[in-house]
Amino acid sequence: QVQLAESGGGLVQPGGSLTLSCAASGSISSIYTMGWYRQVPGKQRELVASITRGGGTNYADFVKGRFTISRDNAKNAMYMNNLKPEDTAVYYCNADISSYNRRRAYWGQGTQVTVSS
Numbered sequence: 002q003v004q005l006a007e008s009g010g011g012l013v014q015p016g017g018s019l020t021l022s023c024a025a026s027g028s029i030s031s032i033y034t035m036g037w038y039r040q041v042p043g044k045q046r047e048l049v050a051s052i053t054r055g056g057g058t059n060y061a062d063f064v065k066g067r068f069t070i071s072r073d074n075a076k077n078a079m080y081m082n083n084l085k086p087e088d089t090a091v092y093y094c095n096a097d098i099s100s101y102n103r104r105r106a107y108w109g110q111g112t113q114v115t116v117s118s
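For the sequence shown, our numbering assigns the number 2 to the initial residue and increments by one for each residue that follows.
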């Protein structure tokens, strides 16, 4: 059984910073790409940032220069700076994981980020 545990969401003023963390646990053979997605009501979930097992990163255009993702084995962190009201969303950790010879995507439960004055 594989679980992704997220932490770090909350309320922050525009221009502020937050760090989201995600830790994978359970019967894991390998973890490939890890990343963060976000979703607002009425819209599709969208990729924010991802990081490969080798450390390669990918960012959505709307967060480039403001967010940084890092990783340490089964954990990752996303540092969010200069937050804007439009960054308000539920953020979900995602990981491509091999467990018991089966490889698939896993999701965390989501953490709310609200950017408001």
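The beta carbon of each residue, even a glycine, is placed where N, CA and C say it ideally should be.
The Cβ neighbour count for Asp-88, taken over all protein chains shown within 10 Å, is at least 16; the residue is labelled buried.
For Gln-113, same chain residues with a beta-carbon under 7 Å away, outside a window of 5 residues either side, are Gly-10 and Val-91 in chain order. Taking a 10 Å sphere around the C-beta of Val-41, we find fewer than 16 other C-beta atoms and assign the residue as exposed. Looking from the CA of Met-81, the closest CA among Arg-103, Asn-95, Val-13 and Ala-75 belongs to Val-13. The count of Cβ pairs closer than 8 Å, one atom from the segment 47-57 and one from the segment 104-111, stays below three, leaving the stretches out of contact. Selection Thr-115, Thr-58, Pro-15 and Tyr-93 evaluated against Ala-24 yields Tyr-93 as nearest (Cα-Cα). The bridge partners DSSP lists for Ile-32 are Ile-98.
By the 16-neighbour rule on beta-carbons within 10 angstroms, Tyr-60 is buried.
Going by beta carbons, Gly-17 and Leu-84 fall inside the 8 Å limit. Assigned with DSSP and collapsed to three states, Val-64 falls in helix. Going by beta carbons, Ser-22 and Lys-76 fall inside the 8 Å limit. Gly-109 counts as buried, since no fewer than 16 other beta carbons sit within 10 angstroms of its beta carbon.
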